[in-house]
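Protein chains in written order, with this note's numbering: chain R, 8 to 380; chain Y, 56 to 413. To keep things clear, I will list the structure first and then write my remarks on it.
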Amino acid sequence: MSHSSTLTAPTRWASVINAPVVAALQHPWVESIVRLSAVEDTMSALHPMLSLTEVRARVIRVVDETASTKTFVLQPNALWQGAQAGQFVRVRVQIDGRWVERVYSLSSKPAARRIAITVKRQDRGLVSQHLHAQVKVGDVLTISQADGEFALPVQLPEKMLLLSAGSGITPVMAMLRDLQARKYQGDVIFMHVCRSPDDLIFAKRLATIAAEFSQLSLRVHFDETAGRFSPQVLVAAVPDLAERSTWMCGPGPLMDAVHQYWESESLAVPLFSVRFVGAPLLPATAPGTPVEIVCATSGKTFTTQGAEPLLVQAERAGLSPKHGCRIGICRSCQCVKKSGTVQNLQTGEVSSAPNELIRLCISSARSDVALDI
Amino acid sequence: MSFAQPTTLSREQIAEFEREVDAIRASVMNNLGQADVDHIRNMIRISRASEIGGRALLHFGLGPVSWVAGVVALANAKILDNMEIGHNVMHGQYDWTGDPSLNSQKFEWDIACDGEQWRHSHNVMHHTYTNILGKDRDLGYSLLRMTDEQKWKPRHWFQPLANLMLAMGFQYGVGSHDLEIGRYKHGAMPKEEFKARLDRFLTKVGKVWFKDYLLFPALALWSAPRVLAGNFLANLIRNLWTYVIIFCGHFTEGVAIYREEDTRNETRGDWYIRQLSGSSNLEGGRFFHIMSGHLSHQIEHHLFPDMPAHRYTEVAPQIQALCRKYGLFYNTGSLFKQYLTVMKRILTHTLPPKRIAA
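So this is what it looks like as structure tokens:
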């Protein structure tokens with residue numbers, strides 16, 4: 008294909024130039040003369056897409072998929088290294104001074120020059136509401152490189168099922184587009200579950216692909232008219248389920264039910280799934296409930312209970328996190344809480360936001376917690 | 056000054072005071088947003104533009120007027136970088152933004168003091184043990200005798216001179232502060248640790264010297280002496296200014312000093328009262344507050360070290376009102392007046408204490 012060479016050329020050029028420049032700028036003796044953040048700020052002032060360290064992506068088009076779902080077609084800068092079908096990106100936006108990050112699956116074809124994320128507006132979703140209300144064509148977003156294990160293999164099986172429900176259609180849509188682009192010769196069923204035709208994301212696109220791609224058999228299940236979806240409904244719709252390697256994305260309860268079915272029937276074909284916790288709200292456990300603390304950097308894990316500060320509990324478990332004043336002033340013990348719910352012992356505030364900075368000396372765990380220490 | 060008198064407030068009053076101060080804190084901290092980010096970003100932009108402008112004038116300018124302008128611009132950049140930006144960012148005032156370039160634990164500044172060592176000597180030691188004799192090493196910087204409670208030694212005869220030297224080389228005073236040379240000399244710090252701290256300090260000094268006294272003068276070719284002298288003067292101005300502001304924060308007349316035994320088991324309310332009586336403010340306009348990194352609001356800064364500093368002007372009247380209500384001394388005055396009392400203390404404590412007849 009002629010355009011694929013022009014597609015990869017800037018990427019290679021960028022990574023060849025970029026890596027040594029960033030490494031040089033991060034050298035402590037260079038950094039004391041000119042800070043990388045100053046270079047970055049200057050570059051983005053010159054042009055919002057320019058960056059040495061971040062993938063920036065311009066919004067090319069906004070498509071209304073359903074009443075509550077929009078697709079943002081993005082043109083990434085030269086740092087973008089491409090994606091595999093099924094992977095996601097982390098989108099970082101600044102909302103009222105705070106940088107917030109959410110994960111969105113790519114729905115675009117992996118080799119595409121332009122990428123797309125499809126965002127369902129959540130009732131209490133800070134980022135999804137911001138994207139829906141504020142982001143217009145021409146705006147520039149900051150995204151991560153593509154990430155995630157949920158992807159199609161190089162060697163494709165003979166028979167496949169792509170199963171999705173609700174907004175879980177996005178990574179599976181990328182897989183379907185990939186299959187079409189790879190001229191897949193096997194047999195693929197794409198089964199999607201949603202409430203009603205009004206809630207069907209990518210309706211037009213699916214119809215087009217179904218018309219062009221003869222290997223595909225498309226099935227859509229509307230809960231509203233056909234009744235609640237269950238594994239039994241799935242078996243009825245896909246009688247040869249036991250022969251189909253399956254990739255699945257949808258709400259947790261639905262995926263749990265399918266996993267259970269797979270186990271109870273001892274199906275030999277693999278079932279791959281991916282879960283997205285929109286804004287993970289781990290309910291705070293009552294103080295005193297045993298919780299598990301995972302320390303990602305040191306690789307240590309300990310179980311603890313009680314409302315004592317995490318710093319004290321970690322020390323009792325044999326760890327020695329960096330600390331200073333121990334009363335919440337100096338921030339020496341500040342670290343990233345990757346997930347979980349903690350309570351600030353000074354203000355009483357309970358928070359569940361992922362990748363949040365917390366001070367160990369004044370935070371107590373109210374659920375299982377993963378820390379970057 | 057002298058040791059703080061035992062407070063006349065009851066335990067209930069102190070608990071109530073704590074609640075009221077907490078409420079003032081919460082009113083601001085629950086209301087942080089884009090305006091705070093815009094403020095610090097603006098400061099960063101001004102500081103950078105001022106540095107570029109200053110260095111350009113020193114390098115390419117002709118004649119003394121452009122040299123003076125270059126020095127002023129560069130000094131302004133360094134003062135902003137150290138005071139309103141560096142000091143405040145390293146306190147964690149902007150950690151809530153989630154912006155990696157404003158992360159307190161990673162920030163590094165343009166001064167001969169290593170950021171990590173500063174975070175220890177300042178954030179940990181000074182802000183936790185403020186004005187506790189023997190624990191707060193900012194009390195006279197282990198160099199000056201600021202209170203009768205510090206033992207007089209013959210070297211204190213040279214105190215006025217030592218003060219002048221500290222003022223002129225303030226960045227080295229601040230930079231070497233965390234070495235805790237005294238502790239090492241008394242055998243209280245292992246040699247390896249001292250060596251590691253010394254290496255860190257000297258590396259940072261090496262970096263700032265390389266930049267200001269080698270690289271930029273060399274880049275200026277035949278203008279090297281002009282650039283060298285300009286950089287030196289800009290650093291000197293920054294040193295003197297930061298010294299004056301910081302000395303007025305805790306060494307003025309009327310600031311209380313504490314004994315370690317009196318501060319054991321202190322509640323958050325007690326801690327607030329110690330921070331309040333151990334600090335003093337400077338009066339001035341918005342420009343003055345910014346140039347001092349809002350350390351002119353030293354009292355508010357010590358009560359709320361991680362509140363974005365430009366908000367101190369907003370909470371100051373509320374703290375002042377609380378002080379009136381509880382009969383606490385709110386120490387404030389003009390820079391001139393406050394610094395005079397600092398000099399008075401330095402000079403008085405130069406002299407050995409008079410023997411009081413038994």
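For each residue, glycine too, the CB sits at the ideal point set by N, CA and C.
Would you kindly work out how many angstroms separate the C-alpha atoms of residue i and residue j, rounded to a whole number?
| i | j | result |
| --- | --- | --- |
| Y:ARG210 | Y:LEU219 | 15 Å |
| Y:TYR213 | Y:LEU406 | Going by the sequence as given, residue 213 of chain Y is Phe instead of Tyr. Approximately 10 Å between the Cα atoms of the pair. |
| Y:LEU188 | Y:ALA311 | 10 Å |
| R:ASP71 | R:LEU138 | 12 Å |
| R:THR73 | R:SER359 | 30 Å |
| R:ALA26 | Y:ALA70 | 56 Å |
| Y:GLU247 | Y:ASP203 | 35 Å |
| R:TRP20 | R:LEU57 | 14 Å |
| R:TRP254 | R:SER115 | 17 Å |
| Y:HIS146 | R:GLN94 | 38 Å |
| Y:ALA90 | Y:ALA81 | 17 Å |
| Y:ARG329 | Y:THR322 | 11 Å |
| R:THR304 | R:VAL343 | 11 Å |
| Y:ALA217 | Y:LEU64 | 39 Å |
| R:PRO350 | Y:ASP267 | Note that residue 350 of chain R is Gln in the sequence shown, not Pro. Spanning the two alpha carbons is a distance of roughly 46 Å. |
| R:ILE67 | R:VAL98 | 16 Å |
| Y:MET237 | Y:SER197 | It is Gly, not Met, that sits at residue 237 of chain Y in the sequence shown. Cα to Cα, the separation comes out at about 8 Å. |
| Y:MET346 | Y:ARG319 | 36 Å |
| Y:GLU369 | Y:TYR381 | 20 Å |
| R:GLY234 | R:GLY173 | 15 Å |
| Y:LEU135 | Y:LYS399 | 29 Å |
| R:VAL28 | R:PRO35 | 13 Å |
| R:PRO178 | R:LEU169 | 10 Å |
| Y:GLY170 | Y:HIS357 | 19 Å |
What would DSSP say about residue i, mapped onto helix, strand or coil?
| i | result |
| --- | --- |
| Y:ILE166 | coil |
| R:GLY244 | The sequence shown places Ala at residue 244 of chain R, rather than the Gly named in the question. Three-state DSSP puts R:ALA244 in a helix. |
| Y:PHE359 | coil |
| R:MET255 | strand |
| R:ASP130 | coil |
| Y:GLY388 | strand |
| R:VAL147 | strand |
| R:THR40 | The sequence given here places Ile at residue 40 of chain R; Thr does not occur at that position. If DSSP states are grouped into helix, strand and coil, R:ILE40 belongs with coil. |
| R:PRO83 | strand |
| R:SER12 | Confidence in R:SER12 is poor, its pLDDT being 36 and thus under 50, which makes the residue's placement unreliable; the coordinate value appears in the next sentence. Three-state DSSP puts R:SER12 in a helix. |
| Y:TYR298 | helix |
| R:GLU270 | helix |
| Y:GLU338 | coil |
| R:ILE380 | coil |
| R:GLN239 | helix |
| R:SER370 | strand |
| R:GLN101 | strand |
| R:ALA26 | helix |
| Y:LYS262 | helix |
| R:ARG121 | coil |
If contacts are defined as beta-carbon pairs under 8 Å, then residue i and residue j qualify, I think. What distance do you get, rounded to the angstrom?
| i | j | result |
| --- | --- | --- |
| R:GLY335 | Y:ASN178 | So it is not a contact: roughly 11 Å between Cβ atoms. |
| R:GLY347 | R:ASP379 | Going by Cβ atoms, the distance from R:GLY347 to R:ASP379 rounds to 12 Å, so no, they are not a contact pair. |
| Y:PRO447 | Y:HIS182 | A question about residue 447 of chain Y goes unanswered here, because the residues of chain Y that appear run from 56 up to 413. |
| R:GLN91 | R:ALA153 | 7 Å |
| R:ALA382 | R:THR78 | Residue 382 of chain R lies beyond the range of chain R shown here (8 to 380); nothing can be said about it. |
| R:ARG65 | R:GLN82 | 5 Å |
| R:LEU223 | R:ALA214 | 11 Å between Cβ atoms; not a contact. |
Using beta carbons (cut-off 8 Å, strictly below), is residue i in contact with chain B?
| i | result |
| --- | --- |
| Y:GLU163 | Within the model displayed, chain B is absent; protein chains R and Y are what it includes. |
Return the chain-ordered ranges of every beta strand (DSSP E) run that is complete within the stretch 280–347 of chain R and spans a minimum of 3 residues.
-> 298–302, 307–311, 341–346
What residue ranges within the stretch 157–235 of chain R form continuous alpha helix (DSSP H) runs of no fewer than 4 residues, ordered along the chain?
-> 176–188, 210–219, 230–233
Closer than 8 Å, Cβ to any Cβ of chain Y: which residues of the stretch 258–274 of chain R, in chain order?
-> Interface annotation for the stretch 258–274 of chain R against chain Y: empty, criterion Cβ-Cβ distance under 8 Å.
Every unbroken alpha helix (DSSP H) inside the stretch 171–222 of chain Y [4 residues or more] = Qualifying alpha helix (DSSP H) stretches: none in this window.
Members of the stretch 325–349 of chain R near chain Y, C-beta cut-off 8 Å = Legend: CB atoms of the stretch 325–349 of chain R lying less than 8 Å from CB atoms of chain Y belong to residues GLY331, CYS332, ILE334, ILE336, CYS337, ARG338, SER339, GLN341.
Just by C-beta distance, which residues in the stretch 358–374 of chain Y are closer than 9 Å to chain R?
-> PRO360, ASP361
When Cβ atoms are compared, which residues of the stretch 127–160 of chain Y fall closer than 7 Å to chain R?
-> GLY147, ASP150, TRP151, THR152, GLY153, ASP154, SER156, SER159, GLN160
Using Cβ-Cβ distances below 9 Å, what residues of the stretch 252–263 of chain Y are close to chain R?
-> THR258, LYS259, GLY261, LYS262, VAL263
Looking at chain R, which residues of the stretch 209–239 of chain Y have a Cβ within less than 7 Å of any of its Cβ atoms?
-> none
What residues from the stretch 15–39 of chain R come within 9 Å of chain Y, judged by C-beta to C-beta, listed N to C?
-> PRO35, TRP36, GLU38, SER39
Residues, ordered as in the chain, of the stretch 83–98 of chain Y that lie near chain R by beta-carbon distance below 7 Å = LEU87, GLY88, GLN89, ASP91, VAL92
Check each residue of the stretch 176–192 of chain Y: if its Cβ is closer than 9 Å to any Cβ of chain R, include it; give the result in chain order.
-> For chain R, the residues of the stretch 176–192 of chain Y that bring a beta carbon within less than 9 Å of one of its beta carbons are HIS177, ASN178, VAL179, MET180, HIS182, THR183, TYR184, in chain order.
Using a Cβ-Cβ cut-off of less than 7 Å, give me the residues of the stretch 42–66 of chain R that come near chain Y, in sequence order.
-> Within the stretch 42–66 of chain R, SER44, ALA45 place their CB atoms closer than 7 Å to a CB of chain Y, listed in sequence order.
Which residues, taken in chain order from the stretch 363–378 of chain R, show a beta carbon closer than 7 Å to some beta carbon of chain Y?
-> Within the stretch 363–378 of chain R, those residues whose Cβ lies closer than 7 Å to any Cβ of chain Y are, in chain order, LEU364.
Name the residues in the stretch 106–119 of chain R whose C-beta lies less than 9 Å from a C-beta of chain Y; which are they?
-> Against chain Y - using a Cβ distance shorter than 9 Å - the residues of the stretch 106–119 of chain R are TRP106, VAL107, GLU108.
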